[in-house]
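To start, the structure under review is shown below, and the notes come after it.
There are 2 protein chains.
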Amino acid sequence: MKNTTKQFKHTIVAIDVAIVTIEGNELQVALIQLKNEPFKNYWALPGGMVGSEESIKDAVSRHIKMKAGISKIHLEQLYTFGEVDRDPRGRIVSVGYLALSPVEKLKLKASEEYSNIKLFKVNAIPSKIAYDHKEIIKVAITRLRSKVVYTNIVRYLMPDEFTLTDLQRIYEVILGREFDKRNFRKKMMVIKMITDTKRKTSGGAHRPASLYRFSGKGDYKIDFI
Amino acid sequence: MKNTTKQFKHTIVAIDVAIVTIEGNELQVALIQLKNEPFKNYWALPGGMVGSEESIKDAVSRHIKMKAGISKIHLEQLYTFGEVDRDPRGRIVSVGYLALSPVEKLKLKASEEYSNIKLFKVNAIPSKIAYDHKEIIKVAITRLRSKVVYTNIVRYLMPDEFTLTDLQRIYEVILGREFDKRNFRKKMMVIKMITDTKRKTSGGAHRPASLYRFSGKGDYKIDFI
DNA sequence: TCAAAAGTGTTGCAAATACACCCATGT
DNA sequence: ACATGGGTGTATTTGCAACACTTTTGA
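Protein sequences appear in the order of chains Y and C. Heads up, the first sequence is in the numbering used here, so the first residue is 65 and it goes up one at a time. Heads up, the second sequence is in the numbering used here, so the first residue is 65 and it goes up one at a time.
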């Protein structure tokens, strides 16, 4: 990172979003590689300015659509980072967001601004991270881990239909510990967060598994796991 | 509220803070009465602009010191409100904060800007509330209620020394339900959040009560209540 | 001696955990 | 027939909730 003079005179509101997904039994976050100073070649969260005629949430959606090719994605606001010197280009206040999507729905694409965009395991993010984005990622993962035990937030990481083993694997990846299969299934049945589709998998060299989907449409809170 | 033309050209970052305390067995929040349009005589949360050379948190502390005469107060960021039309004067993004203090430490004082500042019961806030401040208050109270059951956040609402009955009352006021005295005391002992000072109250026409203080200095999380 | 709040244990119930074997399919 | 993941029940432990009486002080 090089020292540069400040480019912006006024305080600017920006957003940065941690797009989190699960691939290969690992939590992953999307990072872009910056082309320009002051953080040339550093990795950063996708983000950008909030326009003067758009809400903060709309700005997040707009940037996600540009960089990850997805317009319907679960979003939640994390925290607003407002240290004076967090951005060497000037006074930029950034609102951090968490976005969750099953990996199949992401279409990461580089643009003129960025030489590259790809997923990194959250346990192995590159050391050259721009700004305070490492901290934002940490807040994002902490939030996900904390909400997973009292909400149905995992639904945003799952495909429409899934087996109970798939679901258990997602919980295990997020929380980093294993569950007993029988106890896990019992609990899922009790809280009736999911519904049996009466369809089954086929093709595996093993007994077919029942396919489930999440019940209802919204979010809810309850104690489980 | 009257219609006015926009006063500010650029997006501005402001803060609004819900200063919450307990008085008379009720949760209370400090509100100021505005002197000027577009919300003349409406009640609002204390708040104001974030200076270009101060962090967001410093701006919150500064405004609290001005309006509530207290410089050491527990603060936590709640949410950033970024709808385009939330302020008729222009594009103002506001970072909402929760501040907690025992009532004895607050010294609410009116200023030139505000004709009045006082505490309102959160169950009886006036109907003439400016901006989206009713929503901010709601987020503040929800956050407090939710954190009280898994953190030691009540410490910021208590005086330095207190009896177990005092402490139980605070939990009951915040959560709006009653606890069994024996179970409550048992739990407080188990989690060892508080320490016996070996001192006792005196003066009441009843048996003296042991005085306690919170252990350690920081925050922690654990399941209780 | 009375009023008022402080203080103190036990029991029953519900929820969480630990644990092992048979089933259906594809190769 | 065998390898692979799917599917199921019970016993034990632990944590939570319900419950009532005695103690100490000041008036």
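Using N, Cα and C, we set each Cβ at its ideal position, and we do this for glycine too.
Note on geometry: alpha-carbon atoms of K256(Y) and R277(Y) lie some 11 angstroms from one another. Taking a 10 Å sphere around the C-beta of S175(C), we find fewer than 16 other C-beta atoms and assign the residue as exposed.
Taken through DSSP and simplified to helix, strand or coil, D230(C) comes out as helix.
Cβ atoms of G146(Y) and V213(C) stay farther apart than 8 angstroms, at about 29 angstroms.
Residue state for Y178(Y) is assigned as strand, using DSSP reduced to three classes. Under DSSP, no beta-bridge partner is assigned to Y195(C). A straight line joining the alpha-carbon of I79(C) with that of Y143(C) spans about 10 angstroms. Comparing alpha carbon positions, the residue from F243(Y), N187(Y), L170(Y) and N105(Y) closest to L221(Y) is L170(Y).
The DSSP assignment places complete beta strand (DSSP E) segments of no fewer than 3 residues inside the stretch 83-126 of chain C at 90-98 and 111-113, in order along the chain.
Boundaries of the alpha helix (DSSP H) harbouring K245(C): K245 to I255, taken from the DSSP string. The stretch 99-119 of chain Y and the stretch 193-211 of chain Y touch, with no fewer than 3 CB-CB distances between them shorter than 8 angstroms. Contact between I128(Y) and V157(C) is ruled out by a C-beta separation of about 19 angstroms, above the 8 angstroms threshold. With 16 or more other Cβ atoms inside 10 Å of its own Cβ, K131(Y) counts as buried. The Cβ-Cβ distance between V218(Y) and I86(Y) does not fall below 7 angstroms.
Residues of the stretch 134-160 of chain C that bring their beta carbon within less than 7 angstroms of a beta carbon in chain Y comprise Q141, Y143, T144, G146, E147, V148, R155, V157 and V159, in sequence order. A straight-line Cα-Cα distance of about 21 angstroms links I201(C) and K285(Y). In the three-state reduction of the DSSP assignment, A163(C) falls in the strand class, which pools E and B.
Taking 7 angstroms as the threshold, the shortest C-beta distance from V84(C) to chain Y does not fall below it.
Residue environment: G268(C) is assigned as exposed (fewer than 16 neighbouring CB atoms within 10 Å of its CB, all protein chains considered). Secondary structure of R277(C) (DSSP, three-state): strand. Taken residue by residue, none of the stretch 195-210 of chain C has a beta-carbon sitting less than 7 angstroms from a beta-carbon on chain Y.
Here Y178(C) is near I96(C), since their CB atoms are less than 7 angstroms apart. Interface annotation, S125(C): not in contact with chain Y, CB-CB separation never under 7 angstroms.
In terms of CA proximity to N187(Y), T206(Y) leads the group T75(Y), T206(Y), K173(Y) and M252(Y). In the structure shown, E147(Y) adopts coil according to DSSP, grouped into three states. Boundaries of the beta strand (DSSP E) around I258(C): I258 to K264.
The shortest CA-to-CA distance from V81(C) to any of A204(C), G88(C), E90(C) and L208(C) is the one to A204(C). Distance from the CA atom of S266(Y) to the CA atom of P272(Y), rounded to whole angstroms, is 5 angstroms. For the pair K264(C) and S279(C), the CB atoms are not nearer than the 7 angstroms cut-off. Only residues of its own chain outside the window of five on either side were considered, and among them I79, I120 and T144 have a CB closer than 6 angstroms to the CB of V159(Y), listed in chain order.
With respect to chain Y, the C-beta atom of T215(C) has no partner C-beta closer than 7 angstroms. Looking at L98(C), D230(C) and V93(C), the one whose alpha-carbon comes closest to that of N180(C) is L98(C).
Note on T259(C): under 16 other CB atoms within 10 angstroms of its CB, so exposed under the neighbour-count rule.
Assigned with DSSP and collapsed to three states, T75(C) falls in coil, not helix or strand. Per DSSP, the beta-bridge partners of I156(Y) are I76(Y).
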